[in-house]
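All remarks here apply to the structure that follows.
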Amino acid sequence: MSFSLIPSYTLQETLELLSYFLLGFLIVKTVIRRRQIVKIFYVLVIMGAFQAFYGMFELYNKNPRILFYKKIYYLDTVSGTFVNRNHFSGYLEMIIPLAIGLIIARINLFSLAGLKWREKLLRFSEKGFSTNLMIASSIIAMSMAIIFSKSRSGVFLLIFAFILFFELTVLYFGRMRHRQQGVKNFLKVSFLIITFVSLYIGIDATIERFSLDKLLHEGRLIYWSNAASIVKDFPLFGTGLGTFASVYPAFEEKGISAHLSHAHNDFLEYLSELGIVGMLLLFGGIFFIVMKSFLIWRVRRHPEAKGLALGGIIAIVVILIHSFTDFNLHIPANMVLFTVVLSLTAVTAFYKSGEKRRKNQDSKLSEVLQTWKEIEPSPLMYEKLKLRMKTPGPKTNKMRD
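At position 252 of the sequence shown the residue is numbered 252 (full-length UniProt numbering), and the sequence of numbers has no breaks.
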């Protein structure tokens with residue numbers, strides 16, 4: 001029994017998927033310190049800000065380009081260094097929550113409950129006012145870029161991300177009004193700024209793309225129906241990774257030829273290629289990591305780790321929702337970013353400071369020492385192990401290693 005209709009294509013796609021897995025494994029095993037985690041967050045926010053500002057610049061350029069190449073498609077929209085505006089918006093959808101989570105971590109938002117607004121403003125300025133202002137400006141710029149990408153899913157999920165931040169923050173704070181007020185004010189200010197600038201520049205074309213007539217005349221529903229037919233014929237193991245573009249023409253309706261490379265639905269495309277078994281293994285693992293990270297996030301007490309993990313969780317949820325209407329997880333740049341965010345989220349959610357790690361090591365040494373005492377080892381070996389347990393480790397502050 002063959003697991004692929006075109007083994008060579010499947011081998012190529014499998015190696016690519018394996019590279020993403022190895023990248024995630026490498027991050028989980030090597031990114032173990034707080035400074036490493038925060039630095040990667042900063043780098044990702046800078047990358048997102050560059051995409052936003054560059055895309056807005058090229059939008060008003062008389063001869064728009066994509067870096068070194070002439071821009072041919074989507075000339076009236078922001079797409080950054082991406083050819084497709086939907087993939088551009090998907091990229092920023094993952095970075096905006098990370099940026100918000102970074103600000104939350106920097107100002108220790110989860111420790112501000114009950115403080116007066118003046119005390120909160122003072123805390124904001126004490127934690128590096130210029131840096132916080134730059135991150136906030138990047139969030140606004142990336143939000144504007146998504147709006148002017150005219151991506152319907154992007155605009156919808158941008159709003160959804162802000163709402164999700166509010167709901168999860170309230171879930172942590174509880175339902176006391178004074179604890180919700182700071183979050184409400186933050187969201188109100190963000191929405192007002194984005195709305196004002198959008199109306200000033202003009203977003204008529206973006207709003208027009210939400211019209212029902214345009215939705216009904218697009219081909220996504222037809223693509224999904226044809227892809228579902230592939231799943232019906234190959235339900236268990238699918239047609240094999242990387243075979244969708246080759247198999248799809250055989251399931252197209254007569255008289256309609258779209259030369260489709262992707263199903264515009266990551267879940268449906270992976271289901272047609274991997275079948276139910278492969279789909280459960282791939283996305284089952286992803287959903288397990290997300291749910292486990294969320295459950296750990298709910299009981300975490302340190303505000304910094306809590307803020308960073310919250311940004312990562314929301315970023316993953318948003319891009320997975322977008323995957324129902326597009327193929328962001330088949331774009332290498334977006335898939336690499338998704339892998340990095342997923343791995344960082346798991347690392348941050350389960351993060352332990354240097355002090356706690358050392359305590360765990362001391363506890364294990366104590367257990368070993370007790371075991372050796374019971375089996376009566378040589379006095380010299382016992383003294384060496386005892387001396388090792390008493391040797392102090394490097395000095396570290398909580399969450400500052």
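The beta carbon of each residue, even a glycine, is placed where N, CA and C say it ideally should be.
{"Asked": "Length of the line joining the Cα atoms of residue 179 and residue 166", "Found": "Caution is warranted here: a pLDDT of 47 is assigned to residue 179, below 50, making its placement in the model unreliable, and the coordinate value is therefore given only provisionally. Spanning the two alpha carbons is a distance of roughly 12 Å."}
{"Asked": "Candidates 321, 281, 132 and 96, of which the one nearest residue 48 by Cα", "Found": "96"}
{"Asked": "Expected contact under 8 Å - CB spacing of residue 346 and residue 293 to nearest Å", "Found": "6 Å"}
{"Asked": "Through-space distance from residue 37 to residue 31, alpha-carbon basis", "Found": "7 Å"}
{"Asked": "Which of helix, strand or coil DSSP assigns to residue 292", "Found": "helix"}
{"Asked": "Inter-residue CB distance, residue 240 and residue 79 (contact presumed, cutoff 8 Å)", "Found": "So it is not a contact: roughly 31 Å between Cβ atoms."}
{"Asked": "Bridge partner(s) assigned by DSSP for residue 66", "Found": "69"}
{"Asked": "Local Cβ density within 10 Å of residue 301, reported as buried at 16 or more and exposed below that", "Found": "exposed"}
{"Asked": "Short Cβ contact (9 Å threshold) for residue 155 with residue 102", "Found": "no"}
{"Asked": "At least 3 beta-carbon pairs within less than 8 Å: the stretch 80–89 vs the stretch 17–31", "Found": "no"}
{"Asked": "CA nearest to the CA of residue 148, picked from 272, 57 and 296", "Found": "57"}
{"Asked": "Residue 157 versus residue 168: straight-line alpha-carbon distance, rounded", "Found": "16 Å"}
{"Asked": "Residue-level contact to chain C via CB, residue 260, 9 Å cutoff", "Found": "Within the model displayed, chain C is absent; a lone protein chain is all it includes."}
{"Asked": "Spatial distance of residue 262 from residue 326 (CA atoms)", "Found": "9 Å"}
{"Asked": "Three-way DSSP call (helix, strand, coil) for residue 354 in this model", "Found": "With a pLDDT of only 47 at residue 354, under 50, the local geometry of the prediction cannot be trusted, and the value read off the model is given with reservation. Note: residue 354 maps to helix in three-state DSSP."}
{"Asked": "Buried versus exposed call for residue 73 [16 or more other C-beta atoms within 10 Å across all chains shown]", "Found": "exposed"}
{"Asked": "Status (buried if at least 16 other CB within 10 Å, exposed otherwise) for residue 51", "Found": "buried"}
{"Asked": "Residue 104 beta carbon less than 9 Å from that of residue 405", "Found": "Any answer about residue 405 is impossible in this case: the structure gives the chain only from 1 up to 401."}
{"Asked": "N-terminal and C-terminal residue of the alpha helix (DSSP H) that residue 248 is part of", "Found": "No alpha helix (DSSP H) holds residue 248; DSSP gives it neither H nor E."}
{"Asked": "Given residue 39 as reference, the closest of 243, 308, 59 and 237 once Cα atoms are compared", "Found": "308"}
{"Asked": "Integer-rounded CB distance, given that residue 269 should sit under 8 Å from residue 287", "Found": "Rounded, the Cβ-Cβ distance is 17 Å, inconsistent with contact."}
{"Asked": "9 Å Cβ cutoff met for residue 313 and residue 334", "Found": "no"}
{"Asked": "Residue closest to residue 277, alpha-carbon to alpha-carbon, out of 63, 236 and 264", "Found": "236"}
{"Asked": "Residue 219 to residue 33 span [Cα, whole Å]", "Found": "47 Å"}
{"Asked": "From 349, 316 and 343, residue whose alpha carbon lies closest to that of residue 90", "Found": "316"}
{"Asked": "Per-residue burial, residue 250 [other beta carbons within 10 Å of its own, 16 or more giving buried]", "Found": "exposed"}
{"Asked": "Neighbourhood of residue 267 by C-beta distance below 8 Å, restricted to the same chain and skipping five residues each side", "Found": "279, 283, 323 and 324"}
{"Asked": "Cβ-Cβ separation, residue 350 to residue 296 (assumed contact under 8 Å), whole Å", "Found": "6 Å"}
{"Asked": "From 20, 135 and 272, residue whose alpha carbon lies closest to that of residue 100", "Found": "135"}
{"Asked": "Whole-angstrom C-beta distance between residue 92 and residue 159, which should lie under 8 Å", "Found": "14 Å between Cβ atoms; not a contact."}
{"Asked": "9 Å Cβ cutoff met for residue 151 and residue 88", "Found": "yes"}
{"Asked": "Assigned exposure category for residue 299 - 16 Cβ within 10 Å defines buried", "Found": "exposed"}
{"Asked": "Nearest candidate by alpha-carbon position, reference residue 68, set 54, 60 and 144", "Found": "54"}
{"Asked": "Burial state of residue 153 (16 or more Cβ within 10 Å)", "Found": "buried"}
{"Asked": "Sequence-distant residues of its chain with Cβ nearer than 8 Å to residue 337 (five each side left out)", "Found": "44, 91, 94 and 95"}
{"Asked": "Proximity to residue 328 [Cα-Cα], best of 264, 272, 303 and 291", "Found": "264"}
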